[in-house]
Structure formats: C-alpha cells, structure tokens
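Taking my numbering, the leading residue of the sequence shown gets 54, the next gets one more, and so forth.
Positions of the beta carbon are idealized from the N, C-alpha and C atoms, including for glycine.
Please read all numbers here as calculations on a predicted model, not as lab measurements.
Have a look at the structure below before the remarks.
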Amino acid sequence: MTDTHPSLSLSAIEQSGPRGYIQPLFFFSLEKLTDVEQNDVVSHLATALALTKSAIPCLSAEMVPDIESQQNGRFVLKPNPEAGKMYEKDLRGGLFPFTYNALREQHFPTSALPQDVLCPVPIFPTQAPIPVFAAQMTLIDGGLILNICIMHLVADARAIYEILSIWAQNCRHLQNPDTTSPCEQLPLSVFEKTQFELGLDTPDDHPEYMVFGSPPAPPPAMLKPTFRTEVYRFTPESLVRLKEDLSAGLDRNEHISTNDAVCALIWRCVLAAQVDLDEVSPEAISLNTICVDGRSRCLSPLPENHIGCPMVYATPGVSVVQILAADSLPDVARTIRKAIAGTDEHYIASLVGFLQGNCIAPASFAGLMDTNVMISSWFRLPFYDINWDSRFGHGKFDRVRTVHEGFFNGSQVVMPRLPTGEMEVVIGLDQAKWDKTTMDQICHVLDRNNVFGVKRRSPGAWAIKSSWQLNNHLKPPETLQFPLLSLSFASRSSVAMHIETIPLDIGRRRQILFELNEPVTLSAEEYEEIKPWVSNWCK
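Here it is as structure tokens:
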C-alpha cells in the first residue's frame, strides 16, 4: 500500500465537506446464540474488517493538514496500519439498561442510544492526526450494536453502504470460504476522483456557500451538547398521499418526487418547532441544505459504487412566514425540486472552479437549530438487504439508527427504507425544544397534512389525543398508574419523545419508556411532580 492509492486522495468537493464523523448504528439480534457464540461473532467481525481495510486503504489512514497545499485548510490522508481501530464493549448481564428485545419492542428509540456509550470517538475530533475510521461492537443482552465512525468528507451514505457490503462479503467468506470469495482488493476505478477536479475557469457565484480565509470552526450551535433526536414513521400509503397532496396544482410539465414532498414536510415541522414567529423578522429567509449525491451529476459520471464523498448541496431558500403559512407546502416542494434539479454537471463544474483556493461552508450552517435546516436521505440505499451470514441472527440488520445526539446538530435524516416499505425520519432539535409546545407543533403539522392516515381534524381539535389514546384517568397518588399508551398515528418509537418531556430524572423517564407495555406505578412524590403535566395532556 502506498500513499498514491486513489482512496487516499481528497477531491476539492470532499475537502469542502463536513469535518466530523458520521456515526450510524446497526442492530443485530443474537438471542439464539450462547455467550460463547456471541463472542465468536465479535471475533468474526473483527477478522472480516481486517480484510475490508485491505480493500479500502483509506480506512487505515489518518487525516493530517496538507502543509504543501496553496489552499488553506486542506487535508491529506496518510496510511497508518494502527489506524481504523475496532473497539469492543461487553455490556451483557444488565450493564446496558435495556435488553435487545426491549429495544426492538419499542422500535429502537434513539433516546435509549447515548453516543458516549455506543461510539468510540466524538462527532468532532479535537486534535490531529484524525483517524478516518473507527468502529465499536457493543454486546448487550440478546444482541449486538455495531457502530462505525467515518469522517464525512471521506465517505457519504452511499460509500458507507458499499463499505458495509464489502465487510459483509468478507464475513460470509469466513463462514463459507468455498462459496464466497473474499474481497481484499477493489478496482481503482471505484476510487477515481479526477472528475471532481475539472472545474470552470470562470465559475458562477455561489451564494449558497460562505467563503473563509481559513477553515471555519463549527458554529457554536453545532457544538451544543443538547441536540436530541426522535423517530417518526411514514407508511407507504401515507407517502403516496403526501406526494399527491403536494402535487396538486402542478402544471403538466412540472413534477415533484416523494423525496421533495418529504423534505418540504420536514422543513416545515422543524421550523415550526424551532421558530417563534413573533421573534422573527417578516423578511427572514430559511435555507434548507439538502444533500445531493453527485455521482451521476458530473460531466463524466462516477460508478454507482464509488467510495468517497462526492456530495453537493441543493440550497432552496423560502421565507419563514411562507413555510409556516397554511397550504404552502406544494410551493415549498416545487422550490425544493427546482434547487435539486439545478445541481447538474454545469453546477458541479462551476463549484469545483469556485472551490480552488477557497475555504467554504454551506451558508445554512450558521443558522442551523434556528431558521435553517439540513436534510440528508438514505432512503434509497438498500442497507437492509446486506447479508452478513447466518451467524448474525437472520443475517441482516434489524434496524439502522443514529445515536440520541443525531449525526450532528441541526441535521434531519431520512433513514433507509424498511423492508416493509415504510419510511423512518429522524427529527433533531435542541433538547429545550422537545417540550409540549414543540410536540404540538410537530404533531399538528403531521396531522394537518394527514401524514399518518389519521382522520383530518379542525385546527383546534387535533391535540395530543390524536396521537395518544389514554386508557386511564388520574388516580389517587398511592395507586396512580401512568396511562398505558397506544399510538394511533405516530410510531411507538416516537413515544420516547413524549416521555422525555416528563419532569423526572432521565433514568426514571427511560425506565417509564420501557415499561409502556405495562401500567407504570408512580410514587406519591412523582405523582405530585408530574400532576400538572398529566392533567394538561388528559384535557
């Protein structure tokens, strides 16, 4: 291996990418295996990873400043056999607060998935050299949680899918060497990046980016340790209905995609939760940075299985007042479609030329967690089809998740399509926004747009009982049981979001969350503490 391998180069597009780790979680059921067999699975994964790192050299590399570059803030990748470590953590025997079965019954709520427990490195590294890749296998009672941390400017979601597919192939090879070949080397064309070095000499202006003299530090809002996520689920039928509703009034030569419709809805939901219209200028513009895969959009398209981060951004801008106005979503979806369509080969060539010598960041970053939004979609990537072999439960992931803290502050993520065809969306907000008012705003937007197939209600009648059916009434303190909840349009995983608003300590809230299948008995002190909260929601 030498430093000339193309996987160890970074294109101008990649150099402009997010300088933090992307940290997805992948869940395997191991309930039918003994403890010894579960330990063998961990060893199996580690051995297969070594083969995978041979095929993808950048996984065994570190990012260091490029002192020879004329462009400020550039990085180079230096191979290091010690980089790309796999960490192991054994939390069986009740050391993790939830069993695998409890997580599965609650649809793997992100509130039960803390970053500091499940990830070996923080999102934003603090000192060089920076490992490109790290992974952690966490054994809990009944299952395995696999986390990978990879620098986002080295790999986007598609690249992560390709890396995991190769890793899984090597797992199958170790299990059945006669039927599955190992993957220890890939064609160099998989890593080729010269297409993203051919820029226009006279590029267009790019107001969707901010230009800096040196690499910008993440905005303060992106470093706040209080960003939290919850998961919402859309049925296939609701996605069809949403697209139809937002396509109303389109001309014959116009169209929007399901992704456009979902992005418009997410944009409105997040803005409704984050923004107080009384405190925002009527002229305020909200920017929505939408991640776009550039593989097929450059002058010479990259192969679909290209491993890198050829990610560009569509950045539609709409006034805050318009986004939150009634019946504006069709227009918002059209604006999104126009912005995404504009990320064509000319745009990319212009952007590459614009990047030469400039340090940039998306203009929306400064306003994330305020008036701006960022959305990434993994929906079309078949993560749930990856076959790891029979040792891994049924051989495939049960679920793909983010940690509770999300991918990074301000990001909203459409998760991979579930085998049932359903869509999961990870909504992230500052923890202070996850209160009753925020729940009202988000549920109102979802309900008003009939996302979950609930009966349409007048604006004042939706309330929380449109998502919760309360089966009990308030009882005397000694016998009070928290109402057994069943959701009529939100997924059970979103129950976590509501439980987190109860004014109890976090450990008690999490205990309540995982006892939702049985009535929860509260002490007299707890009853008095949450009495106003329960009274509000039971009105």
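Within 8 Å, strictly: CB atoms of residue i and residue j
i, j, result
"Ser429", "Val466", "yes"
"Arg444", "Gln159", "no"
"Ile439", "Ser218", "yes"
"Pro132", "Ala114", "yes"
"Gly370", "Leu421", "no"
"Leu206", "Leu434", "no"
"Leu144", "Thr100", "no"
"Ala414", "Phe265", "yes"
"Ser339", "Ile376", "yes"
"Asn154", "Gly126", "no"
Backbone CA spacing between residue i and residue j [nearest angstrom]
i, j, result
"Phe80", "Pro289", "23 Å"
"Glu553", "Ile480", "With a pLDDT of only 46 at Glu553, under the threshold of 50, the placement of this residue in the model should not be trusted; the figure read from the coordinates follows. Between Glu553 and Ile480, the C-alpha separation is close to 14 Å."
"Asn524", "Gly459", "Caution is warranted here: a pLDDT of 24 is assigned to Asn524, below 50, making its placement in the model unreliable, and no coordinate value can be reported."
"Thr247", "Phe128", "17 Å"
"Tyr262", "Pro271", "14 Å"
"Pro472", "Phe461", "26 Å"
"Arg72", "Phe177", "7 Å"
"Cys594", "Gly302", "Past the boundaries of the shown model lies residue 594; the chain is included only from 54 to 592, so the question cannot be answered."
"Val174", "Val453", "19 Å"
"Ala212", "Tyr140", "21 Å"
"Cys236", "Asp331", "58 Å"
"Arg294", "Thr342", "25 Å"
"Glu477", "Asn312", "12 Å"
"Ile75", "Ala325", "26 Å"
"Leu98", "Leu197", "11 Å"
"Asp258", "Met275", "26 Å"
"Ile193", "Pro77", "17 Å"
"Val185", "Lys138", "10 Å"
"Leu86", "Val374", "55 Å"
"Glu307", "Lys296", "13 Å"
"Glu336", "Met204", "37 Å"
"Asp298", "Ser334", "29 Å"
"Pro150", "Thr424", "36 Å"
"Pro260", "Glu245", "29 Å"
"Arg157", "Leu83", "12 Å"
"Ser588", "Asp483", "Confidence at Ser588 is low in this model, with a pLDDT of 40, below 50, so the placement of that residue should be treated as unreliable; the coordinate-derived value is given next. If you take the alpha carbons of Ser588 and Asp483, they lie about 25 Å apart."
"Trp487", "Ala165", "16 Å"
For residue i, the nearest candidate out of the options (CA to CA)
i, options, result
"Val594", "Phe432, Ile309 and Ser60", "Because the chain in this structure spans residues 54 to 592, residue 594 falls outside the shown range and cannot be described."
"Ser122", "His447, Leu112, Gln409 and Ala379", "Gln409"
"Trp431", "Glu398, Tyr214, Ile389 and Pro273", "Tyr214"
"Phe161", "Asp483, Val456 and Gln484", "Val456"
"Ala485", "Leu171, Ile338 and Phe280", "Phe280"
"Ile389", "Ala419, Met427 and Gly406", "Met427"
"Ala181", "Trp220, Gln238, Asp119 and Tyr153", "Asp119"
"Trp441", "Arg225, Phe151 and Glu84", "Arg225"
"Glu475", "Gln327, His58, Ser291 and Ile376", "Ser291"
"Tyr400", "Gly252, Phe436, Pro335 and Ala136", "Gly252"
"Cys202", "Ala136, Thr152, Pro278 and Asp423", "Ala136"
"Pro134", "Ile109, Gly146, Pro150 and Arg157", "Ile109"
"Lys391", "Thr105, Trp220, Ile216 and Ala314", "Ala314"
"Glu357", "Gly406, Ala221, Ile216 and Gln327", "Ile216"
"Asp451", "Val170, Gln168, Leu199 and Gln327", "Leu199"
Burial state of residue i, where buried means 16 or more other Cβ atoms lie within 10 Å
i, result
"Ile309", "buried"
"Glu531", "With a pLDDT of 33 at Glu531, under the threshold of 50, the predicted position of this residue should be treated as unreliable, and no value is reported."
"Ala367", "buried"
"Ala187", "buried"
"Asp209", "buried"
"Asn223", "buried"
"Val89", "exposed"
"Arg305", "exposed"
"Pro273", "exposed"
"Ala378", "exposed"
"Thr163", "buried"
"Leu241", "exposed"
"Thr57", "exposed"
"Gln238", "exposed"
"Leu27", "With the chain covering only 54 through 592, there is no way to say anything about residue 27."
"Pro469", "buried"
"Thr179", "exposed"
Cβ-heavy atom distance, residue i to the ligand PLP, below 7 Å
i, result
"Ser339", "Ligands displayed in this structure: none; no statement on the ligand PLP is therefore possible."
Next on the checklist: Taking 8 Å as the cut-off, does the stretch 360-379 touch the stretch 65-72 (at least 3 CB pairs, one atom from each stretch)?
Outcome noted: yes
Checklist entry - Would the stretch 344-358 and the stretch 277-289 be scored as touching if the rule is three or more Cβ pairs under 8 Å? => result no
Next on the checklist: So, does the stretch 317-324 touch the stretch 375-394, judging by three or more C-beta pairs under 8 Å?
Outcome noted: Taking 8 Å as the limit for Cβ pairs, the verdict is that the stretch 375-394 does touch the stretch 317-324.
Next on the checklist: Below 8 Å, how does it come out for the stretch 338-347 and the stretch 225-238: are there three or more Cβ pairs, yes or no?
Outcome noted: Segments in contact, no.
Checklist entry - For the 8 Å Cβ check, are there 3 or more pairs between the stretch 391-404 and the stretch 371-383? => result Contact fails: fewer than three Cβ-Cβ distances are below 8 Å.
Next on the checklist: With a threshold of 8 Å, are at least 3 pairs of Cβ atoms found where one atom belongs to the stretch 91-98 and the other to the stretch 436-451?
Outcome noted: Contact annotation: the stretch 91-98 touches the stretch 436-451, with at least three C-beta pairs closer than 8 Å.
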